[in-house]
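Read through the structure below, which is laid out as structure tokens, and then see the notes.
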Amino acid sequence: MESDHRSSKTQDLTPSEQSVYTPNNNTDLFLALAHDSADIYWLLTPAGDFHATDCSNWKTFVGDKFSAQYQGWLDCVHPADRAGAQSAFEQAIQSHQATEIEARMRRYDGMYRLIRLHFVPVRDAQGNKLDQIISYGKDITEQKHYQHMSEEQMRLAVGAANIGLWDWDIRTNHLTLNDQCKILFGFPSQNTVSYEQLMGLFFQRI
């Protein structure tokens, strides 16, 4: 199954407060956790080439077809997702912040799998310059598949039950109503409705 998404051993490896790692900041532990828990793992130089290190995890996932040299890692990324993956890598270097992106990567059997990729910049032992980029990913293909199935089942159930639903994003003040909700409150289906409009009408009716 090939995901059309574009944009478990479970350990939270995503850096939060600390953006750039150095050997004095438990990098070795982070490397070990990423290597052992990720579905795919490799190290890159700031130039985007493979770091001179063990690439057995990489080869286990992609096989021998894709080179573990130079920028061969991009070759196994789906062509439509390649620019985004490279951009996330470059952003990690430029911003000195860990970045994350979802991209399809070709597995050893030729199937594209949806991978949540992380790029974590690491400084040298002195903490002066970027030495390498920890790159690792988790296969989320099944997770996304079941999520989409659940969303579709919910959509069908809501439609069959004629339930009106609305969602308000408190940060942006953006309101989303389904068609049945607009019908129930008397809004034209093509109209954009504000939170204030909905609440005004809601309190008139209670």
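Numbering of the sequence shown is given in the working numbering, commencing with residue 1 and proceeding in unit increments. The beta-carbon is built from N, C-alpha and C at its ideal position, and this holds for glycine as well.
Terminal residues of the continuous beta strand (DSSP E) containing residue i?
i: Ala103; result: Thr99 to Arg106
i: Gly137; result: Leu130 to Asp139
i: Phe203; result: Not the beta strand (DSSP E): Phe203 falls in the alpha helix (DSSP H), residues Tyr195 to Gln204.
i: Gly46; result: Rather than Gly, the amino acid found at residue 46 in this sequence is Pro. Segment: none, Pro46 is in no beta strand (DSSP E) and carries neither H nor E.
i: Leu184; result: First-last for Leu184: Asp179 to Phe185, but that is the alpha helix (DSSP H), not the beta strand (DSSP E).
i: Ile115; result: Tyr112 to Arg123
How many Å lie between residue i and residue j at the Cα?
i: Asn25; j: Gln97; result: For Asn25, the predicted model reports a pLDDT of 49, less than 50, meaning its position is unreliable and no value from the coordinates is stated.
i: Ile170; j: Leu177; result: 15 Å
i: Leu268; j: Arg116; result: Given a span of 1 to 206 for the chain in the structure shown, any question on residue 268 remains unanswerable.
i: Trp42; j: Ser135; result: 5 Å
i: Arg106; j: Phe119; result: 18 Å
i: Ile101; j: Gly63; result: 22 Å
i: Gln190; j: Phe203; result: 23 Å
i: Leu175; j: Leu74; result: 39 Å
i: Gly72; j: Gln143; result: 27 Å
i: Ile140; j: Trp58; result: 17 Å
i: Gln91; j: Ser37; result: 24 Å
i: Ile93; j: Thr192; result: 41 Å
For residue i, count the other beta carbons within 10 Å of its own beta carbon; 16 or more makes it buried, fewer makes it exposed. Which is it?
i: Ala47; result: exposed
i: Ala208; result: The chain is shown from 1 up to 206; residue 208 falls before or after that span and cannot be answered.
i: Gly137; result: buried
i: Phe61; result: buried
i: Phe89; result: buried
i: Leu165; result: exposed
i: Ala114; result: Rather than Ala, the amino acid found at residue 114 in this sequence is Leu. Label assigned to Leu114: buried.
i: Tyr146; result: exposed
i: Asp39; result: buried
i: Leu44; result: buried
i: Ala83; result: exposed
Which residue marks the beginning of the alpha helix (DSSP H) containing residue i, and which one marks its end?
i: Arg171; result: Run containing Arg171: none; DSSP gives neither H nor E here.
i: Ile163; result: Note, Ile163: premise wrong, no alpha helix (DSSP H); not H, not E.
i: Pro79; result: Pro79 to Ser95
Going by the C-beta, is residue i closer than 6 Å to any heavy atom of the ligand FMN?
i: Arg104; result: You won't find the ligand FMN in this model; it holds no ligand whatsoever.
Stretch pair the stretch 76-84 + the stretch 122-134: three plus CB contacts closer than 8 Å: The stretch 76-84, when compared against the stretch 122-134, does not touch it at the 8 Å Cβ threshold.
Is it true that the stretch 125-143 meets the stretch 43-53, where meeting means three or more beta-carbon pairs spaced less than 8 Å apart? Output reads yes: the stretch 43-53 touches the stretch 125-143.
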